[in-house]
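For the sequence shown, the numbering used here assigns the number 1 to the initial residue and increments by one for each residue that follows. Below you'll find the structure, written out as structure tokens, and then a few comments.
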Amino acid sequence: MQHDVISYFMHLVRIDSESLNERAVADILKKDLESIGATVEEDDCHKQTGGNAGNIYAYLPGNVDKAPILFCAHMDTVKPGKGIKPRIENGTIYSDGTTILGSDDKSGVAEIMVALKRIVDSGTDHAPVEILFTVSEEIGLLGAKGFDKSRLKSAFGFALDSHQVGELLIGAPSQNSYKAVVHGVEAHAGVEPEKGLNAIRIASEAIAAMPMGRIDFETTCNLGIINGGEATNIVPNKVCLYGEARSHNPAKLERVCKDIVHALESTVARYAEQGARLEMKCEKEYEAFRVNENDPVVKMAIKALQNLEIPYQAVVGGGGSDANIISAIGLPMIITGTGMDKVHTVHENIKTDQLLKGTAFIEELVRVYSEG
Ligand SMILES: [Zn+2]
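This is the structure:
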């Protein structure tokens with residue numbers, strides 16, 4: 001392992017780790033964590049997820065008598081994430097334009113690893129550190145959900161998984177997801193269409209009656225996928241709808257989900273006599289989290305950023321992350337920026353300067369906490 005976060009980051013993104021396929025990067029991180037003196041364990045959550053690697057939990061002992069602090073990042077990337085070829089152009093790292101870059105979240109992983117390596121090599125006194133590198137974050141926070149969180153002993157934690165260094169996400173919404181299957185009746189479209197009942201037509205009436213998009217300042221919902229139909233000459237007997245709803249307010253989340261269910265149920269009911277039927281499943285994906293701006297975890301982050309003269313901003317985010325799952329056990333967490341930009345697209349990039357700042361931020365956090 002090296003002290004140069006830029007080359008370490010370039011090294012990590014060259015290793016494929018699309019969700020469920022994190023094995024190669026997990027093996028490297030286990031070896032590197034051991035090389036800095038951490039005890040490392042991998043769990044078997046992949047038995048449930050079907051992936052090829054578990055979550056990596058590591059403990060770096062300290063010589064300051066305090067509870068540990070937690071740094072968390074995810075090892076998986078979205079697609080297309082195979083054969084990433086990073087290149088640096090005018091101080092910014094890009095992919096070759098055919099894949100994502102994987103700064104989401106290898107920038108978080110690299111900054112944590114290099115910061116800890118520097119702290120250990122400097123020989124300065126520090127509090128113990130817990131490190132959690134999760135799998136399959138991008139496909140529903142599966143690693144964090146499967147991890148035995150009761151083993152975490154940290155006073156608070158930081159999930160390195162957001163944009164500009166200095167950005168502090170102190171809250172994120174709850175999310176529900178739903179799958180609805182609208183059933184109609186199949187028939188030959190040219191010979192006897194009157195014997196059919198078009199499931200796509202019924203579904204589209206329901207969709208037109210549903211809430212959609214931004215509901216208010218803290219609530220959103222979206223229908224994202226429709227699958228249905230076999231051929232143009234068949235009246236379709238089945239269509240599947242997949243969507244989600246998010247809110248920072250649990251009562252509003254429940255309300256918007258009820259409205260979606262009602263739009264589907266009442267529409268399908270109008271065609272029930274002709275054979276229409278609905279199957280519907282609405283599930284909680286994760287709970288909202290919210291940390292007070294005066295909470296020690298926020299104050300600590302602000303102090304570290306001020307010491308480094310990095311501008312900061314505490315905001316409430318719109319996405320879910322491992323922090324939603326981990327903080328649910330009562331461990332205060334915030335999500336912090338690593339420098340990643342235009343994530344989940346082939347235009348994803350990160351400035352080398354942000355990687356340096358992100359690494360310095362983690363070093364400073366450990367120092368501020370250990371001395372405070
Ligand atoms: Zn991420």
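Heads up, the beta-carbon is just placed ideally off N, CA and C, and yes, glycines get one too. Note that the structure is a prediction, hence the values are computed from the model and not measured.
Can D341 be considered in contact with ligand 1, in the sense that its beta carbon sits closer than 7 Å to one or more heavy atoms?
As a working mapping, residue 341 is identified with position 341 in the sequence shown. The answer is no for D341.
Please name the residue, chosen from G140, L168, G228 and C221, that lies closest to V182 on a Cα-to-Cα basis.
For this step, residue 182 is matched to residue 182 along the sequence shown. Among G140, L168, G228 and C221, the Cα nearest to that of V182 belongs to G228.
Could you pull out every unbroken beta strand (DSSP E) segment of at least 3 residues lying fully inside the stretch 155-202, listed in chain order?
List check, beta strand (DSSP E) in window: 157-162, 167-172 and 174-183.
Does DSSP put E309 in a helix, in a strand, or in coil?
Stepping through the sequence shown from its first residue, residue 309 is reached at position 309. In this structure, E309 counts as coil in the three-state DSSP scheme.
Are there any heavy atoms of ligand 1 lying less than 7 Å away from the beta-carbon of D161, as far as the coordinates show?
Taking the first residue of the sequence shown as position 1, residue 161 is located at position 161. Checking every heavy atom of ligand 1 against the Cβ of D161, one is found closer than 7 Å.
Please find out if some non-hydrogen atom of ligand 1 comes closer than 7 Å to the beta-carbon of E22.
In the sequence shown, counting from the first residue as 1, residue 22 sits at position 22. E22: no, Cβ never under 7 Å from ligand 1.
Can you grab the Cα-Cα spacing for the pair I100 / Y94, in whole Å?
As a position in the sequence shown, residue 100 is number 100, starting the count at 1. As a position in the sequence shown, residue 94 is number 94, starting the count at 1. Cα-Cα distance, rounded: 8 Å.
Judging by CA-CA distance, which residue of P80, T219, E265 and V165 is the nearest neighbour of E244?
For the purposes of this step, residue 244 is identified with residue 244 of the sequence shown, where counting begins at 1. Closest by alpha carbon: T219.
Run through DSSP, which three-state label would Y271 get?
The residue labelled residue 271 in the question sits at position 271 within the sequence shown. In the structure shown, Y271 sits in coil (DSSP, three-state: anything other than H, G, I, E or B).
Tell me which residue opens and which closes the alpha helix (DSSP H) that M10 is part of.
Position 10 of the sequence shown holds residue 10. Its alpha helix (DSSP H) spans residues V5 to V13.
Jot down the residue ranges of each uninterrupted beta strand (DSSP E) in the stretch 44-127, minimum 3 residues, whole runs only, in chain order.
For the stretch 44-127, whole beta strand (DSSP E) runs of length 3 or above, ordered along the chain, are 56-60, 69-74, 87-89 and 92-94.
Among the residues of its own chain, which have a CB less than 8 Å from the CB of E41, if the five just before and after it don't count?
The residue labelled residue 41 in the question sits at position 41 within the sequence shown. Taken in chain order, the residues that qualify are I56, Y57 and A58.
I want to check one thing, is the minimum distance from the CB of H126 to the heavy atoms of ligand 1 below 7 Å?
Residue numbering aside, residue 126 sits at position 126 when the sequence shown is read from its first letter. Flag unset: Cβ of H126 not near ligand 1.
Would you kindly check if the distance between the Cβ of Q354 and the Cβ of V165 is under 8 Å?
Counting from 1 along the sequence shown, the entry for residue 165 is found at position 165. Counting from 1 along the sequence shown, the entry for residue 354 is found at position 354. Yes, Cβ-Cβ distance for V165 and Q354 is below 8 Å.
Under 8 Å, with one C-beta from each stretch per pair, do the stretch 37-51 and the stretch 78-87 reach the 3-pair mark?
The stretch 37-51 is not in contact with the stretch 78-87.
Please say whether P332 and H248 have beta carbons closer to each other than 8 Å?
Counting from 1 along the sequence shown, the entry for residue 248 is found at position 248. Counting from 1 along the sequence shown, the entry for residue 332 is found at position 332. Result no, Cβ atoms of H248 and P332 do not sit closer than 8 Å.
Buried or exposed for D105, going by 16 or more other Cβ atoms inside 10 Å?
Locating residue 105 in the sequence shown gives position 105, counting from the first residue. The residue is buried, with at least 16 neighbouring Cβ atoms inside 10 Å.
Have a look at E194, K179 and K238 and flag the residue whose alpha-carbon is nearest the alpha-carbon of G224.
As a position in the sequence shown, residue 224 is number 224, starting the count at 1. The option with the nearest alpha carbon to G224 is K179.
With a CB to CB cut of under 8 Å and the five nearest residues on each side skipped, what residues in its chain are close to E167?
Walking along the sequence shown from the start, residue 167 turns up at place 167. Correct list, in chain order: Y312, Q313, V315, T336 and G337.
Should E186 and T267 be called a contact, given that it needs their Cβ atoms to be closer than 8 Å?
One-based indexing of the sequence shown puts residue 186 at position 186. One-based indexing of the sequence shown puts residue 267 at position 267. It is not a contact, given that the beta carbons lie outside the stated cut-off.
Does D148 come out as helix, strand or coil in the three-state DSSP assignment?
Against the sequence shown, residue 148 aligns to sequence position 148. Coil, per DSSP.
When you compare each of A263, E194, A208 and A251 to L236 by their alpha carbons, which one comes out closest?
The sequence position of residue 236 within the sequence shown is 236, counting from 1. Note on residue identity: the sequence assigns Pro, not Leu, to residue 236. Residue E194 is the option with its Cα nearest to P236.
Assign T359 to one of two classes, buried (16 or more other C-beta atoms within 10 Å of its C-beta) or exposed (fewer than that).
By 1-based counting over the sequence shown, the position of residue 359 is 359. Flag for T359 reads buried.
If we require 3 or more residues per run, which beta strand (DSSP E) segments fall completely within the stretch 322-359?
If we require 3 residues or more, the beta strand (DSSP E) runs fully inside the stretch 322-359 come out as 333-337 and 349-351.
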